[in-house]
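Enquirer: Residue numbers (our numbering), protein chains in the order written: chain B, 1 to 527; chain A, 1 to 131; chain D, 1 to 211.
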Amino acid sequence: MAPRGGAWSWLTTRDHKRIGIMYLVLTSAMLALGGFYAMAIRMELLTPGPTVMEAQTYNRMFTLHGVIMILLFMIPAIPGIFTNFFLPLMIGARDVAFPRLNLFSVYLYLAGALIAVYGMIQGGADTGWTFYTPYSTTTVTKVWPILLGGFTLGMASIVTGLNFIVTVHTLRAPGLTWMRLPLFVWSSYATSVIQVLATPVLGITLLLVAVENVFGFGVFDPARGGDPVLFQHLFWFYSHPAVYIMVLPAMGVVSEVLQAFARRNVFGYKAVAFSSLGIAFVGFFTWGHHLFTSGQSAVDAGIFGVLTMFVGVFTAIKVFNWTATLYRGSISFQTPFAYAIAFIFFVVFGGMTGVALATVALDVHWQDTYFVVAHFHFIMVGGTLTGFLAALHYWWPKMTGRMYSEKWGLVAAVFIFLGFNFTFVPQYLLGNAGMPRRYYSYPERFWALNVASSAGASVLAMGFVIVLAYLLLSLKYGPRAAANPWGSRGYEWMTPTPPPPENFLGQPTYPRPAHDYREAHPGQEGH
Amino acid sequence: MSAPPLDDHPVPHRGGVGRYLAVWAALIAFTAVTVAAARLQLPGGWALAVALAIAAVKSALVALFFMHLWDHGGANRLVLATSLFFVALLMGLVLADNATRFPLANPPTEATLRFMPPGPDPVAPAPPARR
Amino acid sequence: MSTSSEHVAHHFPDLETQAHAARLGMWLFLATEILLFAGLFTAYALYRMLFPSAFAGASGLIDTRMGALNTVVLITSSLTVALAYHFSRQGRGRAAAALLLATIALAGVFLVVKYVEYAHHIGAGHLPGRYYRYPALDVPGAAMFFTLYFLMTGLHGIHVVAGMGVLAWLAAGAWRGSYGGEYSTPLELGGMYWHLVDLVWIFLFPLLYLI
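So this is what it looks like as structure tokens:
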């Protein structure tokens with residue numbers, strides 16, 4: 001973005017592009033903080049027994065790692081940064097439907113983050129990010145600021161999602177029909193639907209826990225007729241679909257990147273577009289698989305187990321279509337493409353272990369072990385974070401007007417790919433061998449694999465440090481980016497770099513589908 | 001396939017003061033009906049069913065006429081219908097859980113307390129002092 | 001179609017699209033409100049299923065007449081706010097402002113009735129959870145009923161108070177003549193919010209007072 005105006009013009013901006021940049025700065029800071037806690041956890045687990053911290057400190061560390069990574073990074077990052085910046089560019093709109101609300105969501109995010117940070121300074125919660133009752137309603141640690149922060153962040157998330165839904169409905173450029181929307185828009189739309197429908201239930205749940213913690217009304221207290229499992233139902237009604245809030249936008253990014261770097265229109269546009277809505281819909285029917293061992297009835301467990309597996313069907317539709325897109329493509333293996341391929345690998349691996357976990361009998365063995373930890377990190381780090389990096393590298397030239405170093409980009413990608421596998425594959429093995437999650441200590445027979453995991457985490461962290469370094473350097477020393485350095489035919493590349501304040505010079509037109517490379521490759525058939 | 005019919009075409013508001021007054025009168029009348037129906041002490045689940053049916057009719061009147069869903073269709077109706085569907089989903093699967101559980105896995109109720117042995121609970125610890 | 005109005009924001013092609021976007025955004029917001037209350041309604045449904053007789057007994061401790069009175073008050077306030085929007089679209093800003101003030105007054109009546117009820121319950125020991133002190137109905141689940149009663153009516157009451165603020169702001173705007181036939185969107189959205197408050201009460205009344 002071209003620098004214009006002072007700090008005040010940034011703080012009061014209603015330009016969706018500047019708001020996207022503000023989200024980039026804020027969520028990246030939170031990623032660094034969450035990553036710091038992750039490294040602290042891995043450091044502590046380097047040896048059995050105490051290594052560098054007290055057990056109670058450890059409990060707070062993993063709680064804050066979860067809260068920060070999920071509520072302050074994974075959920076707001078891709079929608080806040082990339083959907084904000086690129087959705088209007090992709091549909092030919094001059095801004096999102098409610099620019100002031102958009103700015104408001106940044107401040108809600110900031111307020112939520114500050115409330116949560118206040119809670120951390122006051123000692124932080126030790127409940128885990130899941131806030132399970134009865135512990136969360138009886139703990140003496142500062143759980144209420146974290147809950148209130150979560151509630152505020154939920155409002156920010158709702159506002160963002162609401163804005164995008166209305167924008168897609170009302171501000172598409174003339175001639176841009178639903179069936180021509182770029183796939184990133186479809187997945188962002190599906191994400192927004194989940195944000196609007198699921199987040200309020202988390203809001204009321206967190207409020208109820210805070211009320212319980214402070215007043216003890218007994219909604220979840222069995223001694224007063226309450227059912228703690230009700231808390232888990234309400235919590236996971238949001239928090240399972242929240243996984244799809246995190247991973248769906250990344251899937252949209254991968255759809256865009258694969259088309260751009262394989263020079264090929266996506267195979268099965270409608271299947272990929274509608275599978276996003278399918279994941280969003282089915283994602284709401286699966287929350288009970290977190291309650292298999294919590295006292296939930298066998299009938300409900302069976303229903304939820306079967307429904308969970310449908311998510312695998314929709315994900316597989318995407319994976320098969322992505323792979324078919326690459327077939328006979330003209331692939332240029334650049335950094336964004338490397339991350340997109342890594343995404344597919346991780347999501348297939350994580351998704352298949354997810355289907356295994358959805359089987360009630362197997363879950364009884366794996367519940368609350370490192371197997372679950374490895375599974376969801378494959379989806380969240382391997383999926384969302386890799387998708388985030390793909391988006392960051394693919395769109396960095398459009399957002400900043402600068403090119404980063406391609407060589408260092410690929411080096412960092414190798415670090416991150418290897419580091420990730422060394423961190424989390426051992427955790428699958430640990431979990432299967434019976435190591436429970438969230439424990440401060442472990443028997444010596446788990447030592448070797450824990451060292452491997454901690455070593456992998458350092459390589460992973462190193463990769464992120466490299467990314468941060470060359471991206472920051474590119475802002476000052478990187479060559480100026482052309483309007484379309486990748487030769488992509490995505491709609492967002494049709495505007496100049498940096499995009500003008502109202503996004504387009506004149507009214508954009510859409511004579512061809514996004515990512516239509518047939519002119520360049522006359523032999524290629526359309527979908 | 002053509003575009004899904006998600007966008008509505010705004011229509012000017014029809015009807016006037018008369019329509020609002022008629023809806024208001026109907027709402028008051030239904031309130032009286034629901035109070036009267038509660039007095040009847042209907043057996044079993046019928047009292048709940050009747051009360052909820054009347055509440056549903058009343059809320060449909062409010063949504064259709066006071067909130068103009070009758071005039072503005074399309075996406076707005078879809079939003080309301082979707083939200084109600086997800087309310088039903090949440091409530092339905094939670095109730096299905098507790099209704100099909102092993103009864104003693106539910107919070108202690110009048111029905112299950114009689115299975116409890118007399119005397120202090122040997123398993124559960126005493127509740128913390130602060131509560 | 002009016003494209004010349006000063007009310008059209010720069011990124012909308014015309015006023016009609018803008019009004020449509022505002023309405024759709026408001027419906028999405030109301031959907032989040034519905035799902036916010038859904039958490040409490042689910043808790044109510046669950047505990048009512050587990051403690052049917054305790055809920056019936058505890059519900060008998062609440063004065064149906066008060067609830068019916070408040071239902072009539074809220075329904076009437078919904079009428080006045082709908083009429084305010086109607087008159088505003090006809091350009092009669094003063095009439096709209098008067099009707100909005102009437103709505104605020106009715107909301108005030110609602111809160112006064114609610115206060116009388118709360119004072120009675122607090123005095124009689126009909127209190128949530130561990131604060132419950134009512135030996136005449138000492139069965140498992142009675143305290144839970146009052147937990148839910150206070151949580152649900154409390155959250156609803158917060159929405160009533162917030163709505164009064166919104167309505168006051170709209171009344172000031174209508175009195176100044178900010179709204180008219182071409183542009184009454186804020187009044188429409190504020191009205192929709194108030195109707196939702198009414199909708200929630202339409203379900204709370206039978207569930208808490210009648211059965």
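Ideal Cβ positions, reconstructed from N, Cα and C, are used throughout, including at glycine.
State the Cα-Cα distance for the pair residue 4/D and residue 157/D, rounded to the nearest angstrom.
Expert: Residue numbering aside, residue 4/D sits at position 4 when the third sequence is read from its first letter. Residue numbering aside, residue 157/D sits at position 157 when the third sequence is read from its first letter. At residue 4/D, the pLDDT of 45 sits below 50, so the modelled position is not reliable and the matter cannot be decided from this model.
Enquirer: Applying the criterion that 16 or more other CB atoms from any shown protein chain within 10 Å of the CB defines a buried residue, is residue 477/B buried or exposed?
Expert: If you number the first sequence from 1, residue 477/B lands on position 477. So residue 477/B ends up on the exposed side.
Enquirer: If you count every other CB in all the chains shown that lies within 10 Å of the CB of residue 94/D, and 16 or more means buried, which is it?
Expert: Residue 94/D sits at position 94 when you count from the first residue of the third sequence. For residue 94/D, the number of other beta carbons within 10 angstroms of its own is below 16, and it is reported as exposed.
Enquirer: What's the gap between the Cα of residue 80/A and the Cα of residue 87/A?
Expert: Residue numbering aside, residue 80/A sits at position 80 when the second sequence is read from its first letter. Residue numbering aside, residue 87/A sits at position 87 when the second sequence is read from its first letter. Those two C-alpha atoms are separated by around 11 Å.
Enquirer: Go through its chain and collect everything with a Cβ distance to residue 185/B's Cβ below 8 Å, but skip five positions before and after it.
Expert: For the purposes of this step, residue 185/B is taken as the residue at position 185 of the first sequence. For residue 185/B, where only same-chain residues beyond five positions count, the Cβ hits under 8 Å are 87, 90, 91, 168 and 252.
Enquirer: Just how far apart, CA to CA, sit residue 230/B and residue 220/B?
Expert: If you number the first sequence from 1, residue 230/B lands on position 230. If you number the first sequence from 1, residue 220/B lands on position 220. Taking the straight line from one Cα to the other gives about 7 Å.
Enquirer: Residues of the segment 77 to 100 of chain A in Cβ contact with chain B at a cutoff of 9 Å, in chain order, please.
Expert: 79, 82, 83, 86, 89, 90, 93, 94, 96, 97, 98, 99 and 100
Enquirer: Check the Cβ of residue 556/B against every Cβ in chain D and list those closer than 9 Å, keeping chain order.
Expert: What the structure shows of chain B is the stretch from 1 to 527, and residue 556/B is not part of that stretch, so it cannot be assessed.
Enquirer: Quick one: does residue 360/B have its CB under 8 Å from some CB of chain A?
Expert: For the purposes of this step, residue 360/B is taken as the residue at position 360 of the first sequence. Answer no: the Cβ-Cβ gap between residue 360/B and chain A never drops below 8 Å.
Enquirer: Assuming residue 113/B and residue 72/B are in contact, meaning their beta carbons sit under 8 Å apart, how far apart are those beta carbons, in whole angstroms?
Expert: Locating residue 113/B in the first sequence gives position 113, counting from the first residue. Locating residue 72/B in the first sequence gives position 72, counting from the first residue. With 8 Å as the limit, residue 113/B and residue 72/B qualify as a contact, their Cβ atoms being about 6 Å apart.
Enquirer: With a cut-off of 8 Å, do at least 3 Cβ pairs link the segment 447 to 462 of chain B to the segment 418 to 432 of chain B?
Expert: yes
Enquirer: Cutting at 6 Å between CB atoms, please list the residues of its own chain near residue 522/B, excluding the five before and the five after it.
Expert: Residue 522/B sits at position 522 when you count from the first residue of the first sequence. Its pLDDT being 46, under 50, residue 522/B is placed unreliably by the model, and the measurement read from it follows with that caveat. Taking C-beta separations shorter than 6 Å and ignoring five residues to either side along the sequence, residue 522/B has no partners in its chain.
Enquirer: Helix, strand or coil for residue 489/B per DSSP?
Expert: Within the first sequence, residue 489/B is the residue found at index 489, counting from 1. Coil.
Enquirer: Please name the residue, chosen from 137/B, 446/B and 394/B, that lies closest to residue 85/B on a Cα-to-Cα basis.
Expert: In the first sequence, the residue the question calls residue 85/B occupies position 85. Looking at the Cα atoms, 394/B is the closest of the given residues.
Enquirer: Run through chain B and tell me which residues come within less than 7 Å of residue 140/A, C-beta to C-beta.
Expert: A question about residue 140/A goes unanswered here, because the residues of chain A that appear run from 1 up to 131.
Enquirer: Report yes if the C-beta distance between residue 128/D and residue 217/B is below 8 Å; otherwise report no.
Expert: Position 128 of the third sequence, counting from 1, holds the residue named residue 128/D. Position 217 of the first sequence, counting from 1, holds the residue named residue 217/B. Taking 8 Å as the Cβ cut-off, residue 128/D and residue 217/B qualify as a contacting pair.
Enquirer: Can you tell me whether residue 443/B is helix, strand or coil according to DSSP?
Expert: Taking the first sequence and counting its residues from 1, one reaches residue 443/B at position 443. In this structure, residue 443/B counts as coil in the three-state DSSP scheme.
Enquirer: Counting Cβ pairs, one atom from each stretch, are 3 or more of them under 8 Å apart for the segment 347 to 367 of chain B and the segment 205 to 214 of chain B?
Expert: no
Enquirer: Decide if residue 380/B is buried, meaning its Cβ has at least 16 other Cβ atoms within 10 Å, or exposed.
Expert: On the first sequence, residue 380/B is found 380 positions in, with the first residue counted as 1. By the 10 Å Cβ count, residue 380/B comes out buried.
Enquirer: With H, G and I counted as helix, E and B as strand and the rest as coil, what does DSSP make of residue 397/B?
Expert: Numbered from 1 along the first sequence, position 397 holds the residue referred to as residue 397/B. Residue state, collapsed to three classes: helix.
Enquirer: Considering only residues of the same chain and omitting the five flanking positions on each side of residue 483/B, which have a CB-CB separation below 6 Å?
Expert: Counting from 1 along the first sequence, the entry for residue 483/B is found at position 483. Excluding sequence neighbours, residue 483/B sits near 496 and 497.
Enquirer: Return the first residue and the last residue of the alpha helix (DSSP H) that residue 83/A is part of.
Expert: The sequence position of residue 83/A within the second sequence is 83, counting from 1. 75 to 100 is the span of the alpha helix (DSSP H), which, as asked, contains residue 83/A.
Enquirer: Spell out whether any CB of chain D is found under 8 Å from the CB atom of residue 24/A.
Expert: Walking along the second sequence from the start, residue 24/A turns up at place 24. Using a CB distance cut-off of 8 Å, residue 24/A counts as an interface residue toward chain D.
Enquirer: Would you mind telling me which residues of chain B sit closer than 7 Å to residue 107/A, beta carbon to beta carbon, in chain order?
Expert: Here residue 107/A corresponds to residue number 107 of the second sequence, with the count starting at 1. Near residue 107/A (Cβ distances below 7 Å), the residues of chain B are 222, 225, 226 and 227.
Enquirer: Looking only at C-alpha atoms, which of 27/B, 62/B and 48/B sits nearest to residue 534/B?
Expert: Residue 534/B lies beyond the residue range present for chain B, which begins at 1 and ends at 527; the question has no answer from this structure.
Enquirer: Give the range of the alpha helix (DSSP H) segment to which residue 42/B is assigned.
Expert: As a first step, residue 42/B is located in the first sequence; it is residue number 42 there, counting from the start. Looking at the DSSP string, the run of the alpha helix (DSSP H) that includes residue 42/B is 16 to 44.
Enquirer: Against chain D, does residue 3/A count as a neighbour if the rule is that its beta carbon must be under 8 Å from one of theirs?
Expert: Taking the second sequence and counting its residues from 1, the one referred to as residue 3/A is at position 3. In this predicted model, residue 3/A has a pLDDT of only 38, less than 50, meaning its place in the structure is not dependable; the value taken from the coordinates is given anyway. Chain D, which has no Cβ nearer than 8 Å to the Cβ of residue 3/A, makes this no.
Enquirer: Can you give the beta carbon distance from residue 24/A to residue 79/D, rounded, assuming they're within the 8 Å contact cut?
Expert: Start at 1 with the first residue of the second sequence, and residue 24/A comes out as number 24. Start at 1 with the first residue of the third sequence, and residue 79/D comes out as number 79. Sure, about 4 Å apart at Cβ, within 8 Å.
Enquirer: With three or more beta-carbon pairs closer than 8 Å as the criterion, would you say the segment 27 to 34 of chain A touches the segment 72 to 91 of chain D?
Expert: yes
Enquirer: Go through its chain and collect everything with a Cβ distance to residue 285/B's Cβ below 7 Å, but skip five positions before and after it.
Expert: Within the first sequence, numbered from 1, the residue matching residue 285/B stands at position 285. Counting only Cβ-Cβ distances below 7 Å, and skipping sequence neighbours, we find 307.
Enquirer: Using only the alpha-carbon positions, how far apart do residue 528/B and residue 5/B sit?
Expert: Residue 528/B lies beyond the residue range present for chain B, which begins at 1 and ends at 527; the question has no answer from this structure.
Enquirer: In the DSSP assignment, the alpha helix (DSSP H) including residue 116/A goes from what residue to what residue?
Expert: As a first step, residue 116/A must be located in the second sequence, where it is residue number 116. Taken as a continuous stretch (DSSP letters only), residue 116/A belongs to no alpha helix (DSSP H), as it is neither H nor E.
Enquirer: Scan the segment 191 to 202 of chain D for residues whose Cβ lies nearer than 7 Å to a Cβ of chain A and list them as they occur along the chain.
Expert: So the list reads 192, 195, 198, 199 and 202, given in the order they occur along the chain.
Enquirer: State the start and end residues of the unbroken alpha helix (DSSP H) segment that holds residue 121/D.
Expert: Mapped onto the third sequence, residue 121/D falls at position 121. Counting along the chain, the alpha helix (DSSP H) containing residue 121/D begins and ends at 93 to 124.
Enquirer: Starting from the C-beta of residue 154/B, find all residues in its chain whose C-beta is less than 7 Å away, skip the five residues before and the five after it, and write them out in chain order.
Expert: Here residue 154/B refers to the residue found at position 154 when the first sequence is read from its first residue. Counting only Cβ-Cβ distances below 7 Å, and skipping sequence neighbours, we find 199, 202 and 203.
Enquirer: Show which residues of chain B have a CB atom less than 9 Å away from the CB atom of residue 47/D.
Expert: Within the third sequence, residue 47/D is the residue found at index 47, counting from 1. Chain-ordered, the chain B residues with CB closer than 9 Å to the CB of residue 47/D read 219, 225, 226, 227 and 230.
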